[in-house]
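Reading through the structure tokens given below for one structure.
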Amino acid sequence: MMGMPLFVQYALGAAILLALLLSLLSFFVVVHNWSFLGVGISHAAFGGVALGFLLGVPPDIPALLFALGAGLTIGLVKRKWGFHEDVAIGIIFSSAMGLGVILFSMSKGYTSDAFSYLFGNILALTKGDLIAIAVVTLLAYLFVGIFLKGLLLMALNEDLAYSRGLPVGFLYYSLLVILALAVVLAIKLVGVILVTALIVVPASVALRFLTGYRGILFLSIGIGLGVNVTGLAVAYLLDLPPGATMAITAGLVFFLSLFIPSPH
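In this text, residue positions in the sequence shown follow the numbering used here: the first is 32, and each later residue adds one.
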């Protein structure tokens, strides 16, 4: 790390921590068919970012509130009214982005800020961001470690999980909240538009080659670490946008995996 600029050290730390966090959640996102859930939450967060700039308050706070509200609303639409999550995601996606565009248009002089939140801004990362990512990562691993069997059963057969007395509602909404926190924390590095790739790709690739959940989780985390560190290194060496480079790296890993024969 000697001689490495401080902002690169922060970016590398964030990339590693986010790989550990998002790759863990990736397994549950893919198993639940929540591939576009990150899209809905991240775009809801963009509406919060725009509101923060308009009100002159730190945008991270309203972004977090919007993201949490989006995650819980998506879950409520599914569990209370019986719609699939995609219905709520589609509505929240378009509404929050529309709100964000309107609010940014009312906040004169913040065009560059909007761009940085859409595609990430490596210079915006702080030591406080690293601590926040580390705390949420630890929280996610503790949650999954304690409730892993229940989370797996809920993903495979929710009715069976109910019949065995598992707190399905608590597990479901807790998973959504942790995912919302993870998405908001990832926005500074990779942006609103690109964060989905880092959530979906790791487990999608791992599921092609393994069947046991432990192996899938470990491989997913390994893929996430490889994608994030490689993407960040390439971006630094070639002076490219880190978020975009990491997203492209994730996409390349996925498409290359399609040409490797799957054992099942």
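Built from N, CA and C at the ideal position, the CB exists for glycine as well.
Coil, strand or helix - residue i by DSSP
i: Gly151; result: coil
i: Val88; result: coil
i: Arg110; result: helix
i: Gly196; result: coil
i: Gly159; result: helix
i: Leu271; result: coil
i: Thr280; result: helix
i: Met35; result: coil
i: Gly243; result: coil
i: Phe285; result: helix
i: Pro93; result: helix
Sequence-distant residues of the same chain with beta carbon closer than 7 Å to residue i, five excluded per side
i: Met137; result: Leu85
i: Val118; result: Val108
i: Phe58; result: Ala234, Ile247, Leu248 and Ser251
i: His115; result: Lys109
i: Ala192; result: Gly181, Leu184, Met185 and Val199
Close Cβ partners of residue i (< 6 Å) along its chain, the five nearest in sequence each way excluded
i: Leu269; result: none
i: Ala155; result: Lys219
i: Ala278; result: Leu225 and Ala228
Separation of residue j from residue i, as counted between CA atoms
i: Ile230; j: Leu263; result: 16 Å
i: Ile291; j: Val232; result: 15 Å
i: Lys109; j: Trp65; result: 12 Å
i: Val88; j: Pro272; result: 27 Å
i: Ala12; j: Leu48; result: This structure does not reach residue 12, given that the chain is present from 32 up to 295, and the question cannot be answered.
i: Pro95; j: Asp160; result: For clarity, residue 95 is Leu in the given sequence; the question names Pro instead. About 13 Å.
i: Leu99; j: Tyr203; result: 13 Å
i: Ile133; j: Ile209; result: 28 Å
i: Ala266; j: Lys111; result: 44 Å
i: Ser147; j: Glu189; result: 39 Å
i: Ser293; j: Ile105; result: 34 Å
i: Lys180; j: Phe135; result: 44 Å
i: Arg245; j: Ser205; result: 21 Å
i: Asn152; j: Val39; result: 12 Å
i: Ala162; j: Gly243; result: Correcting the residue type first, residue 162 is Ile in the shown sequence and not Ala. Using only the alpha carbons, I get a separation of about 32 Å.
i: Ser194; j: Leu37; result: 52 Å
i: Leu170; j: Phe286; result: 32 Å
Beta-carbon gap between residue i and residue j smaller than 8 Å
i: Ala186; j: Val60; result: no
i: Ser54; j: Ser251; result: yes
i: Gly131; j: Gly78; result: yes
i: Leu149; j: Gly71; result: no
i: Ala127; j: Phe97; result: yes
i: Leu238; j: Val167; result: no
i: Ala211; j: Ala281; result: no
i: Val214; j: Ala76; result: yes
i: Leu184; j: Leu197; result: yes
Closer than 8 Å to chain D by CB, residue i
i: Ala264; result: The structure shown has no chain D; it contains just one protein chain.
Neighbourhood of residue i by C-beta distance below 8 Å, restricted to the same chain and skipping five residues each side
i: Ser254; result: Checking the displayed sequence, the identity of residue 254 turns out to be Ile instead of Ser. Excluding positions up to five away in sequence, the list reads Ser54, Val232, Pro233, Val236, Ala237 and Val284.
i: Val260; result: Leu43, Ala46, Ile47 and Ala50
i: Lys158; result: Tyr41
i: Gly69; result: Val60, Leu210, Val214, Val226, Thr227, Ile230 and Val231
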